[in-house]
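> Have a look at this one before I ask anything.
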Amino acid sequence: MDHITIEEYQNKDFESVIALLVHSFKSKFCHRQNLSVHDIKDIISASWDLKAGAPAYIHFVAKQNQNIVGVILIHCSKKEMKEYQLFPYAKGMASLTSYRCF
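Here it is in C-alpha cells:
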C-alpha cells in the first residue's frame, strides 16, 4: 500500500474533494432521494463552499499518489484557532494529535 500524506487544503483541491464526497454519498442520495449524480454534485458544491484558510476551520486532505483519498475538516472556536496557530507543522505533513480542536 502506498503512503498516505496529510496536506493542508488548497482551493485547487475543491473539485477533487467534491468528487470524493459525491462518490461517498451517491448510493444513499440516489436511493433515498431519487437524485442524479449531477444533482448530488450541485448540492455538495453549494454546501461545501469553503476556501483555504477559512477562519473557523482547519481543513486537510489525505493524498495517496497525488490523488485525494480523504478529507479532514475540523470546526474550531476562536480560542482553539489561536492555539492551533501556535503549533506550526511541517509543510505537507500534519499531526492532528498536536491540535486541540474537537
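Those letters in the sequence shown? Residues 34 to 135, per the working numbering, in order. Note that the Cβ used here is the ideal one computed from N, Cα and C, for glycine as well. Note that the structure is a prediction, hence the values are computed from the model and not measured.
1. Once you ignore the five residues that flank residue 73 on each side, which residues in its own chain have a CB closer than 8 Å to its CB?
2. By Cβ distance below 6 Å, which residues in the same chain neighbour residue 98 in space, the five residues on each side in sequence not counted?
3. Taking 8 Å as the cut-off, is the CB of residue 42 close to at least one heavy atom of the ligand NAP?
4. Cα separation between residue 107 and residue 95?
5. Among 82, 69, 50, which has the Cα closest to the Cα of residue 17?
Taking the structure as given:
1. 55, 58, 59, 62, 63
2. 35
3. Ligands displayed in this structure: none; no statement on the ligand NAP is therefore possible.
4. 14 Å
5. The displayed coordinates of the chain run from 34 to 135. Any statement about residue 17 would go beyond what the structure contains.
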